[in-house]
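Here is the structure we will look at, set down as structure tokens.
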Amino acid sequence: MSVIYILLAISLVVAIIFFVAFIVSVKQGQYEDSYTPSVRMLFEDELVKTGNNEKSEELRVKSKE
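Counting along the sequence shown from 1, when you hit position 39 you're at 1412 in our numbering, and nothing is skipped either side.
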């Protein structure tokens, strides 16, 4: 039974270490995406067909925002 308590304590310590590492990396800006906004204007917008009426099919530009 004491093994369960030891494993529980070790798992909590490991979880806290990973959580602290995640918080530190977020604060340092490791998850900032500086590449996508600069190339977003190079991608073409997708055209979407709206099937409201069979006779008149309207094409709209799908915004990626």
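Every residue, glycine too, gets a C-beta built ideally from N, C-alpha and C. Small disclaimer: the values here were computed from a predicted structure and weren't measured.
Starting from residue i and walking both ways along the alpha helix (DSSP H), at which residues does that stretch end?
i: Y1447; result: Residue 1447 lies beyond the residue range present for the chain, which begins at 1374 and ends at 1438; the question has no answer from this structure.
i: S1411; result: T1409 to V1412
Tell me which residues share the same chain as residue i and place their Cβ nearer than 8 Å to its Cβ, disregarding the 5 neighbours each side in the sequence.
i: P1410; result: none
Considering only residues of the same chain and omitting the five flanking positions on each side of residue i, which have a CB-CB separation below 6 Å?
i: S1429; result: Annotation note: pLDDT 48 at S1429 (below 50); position unreliable, no value reported.
i: Q1403; result: none
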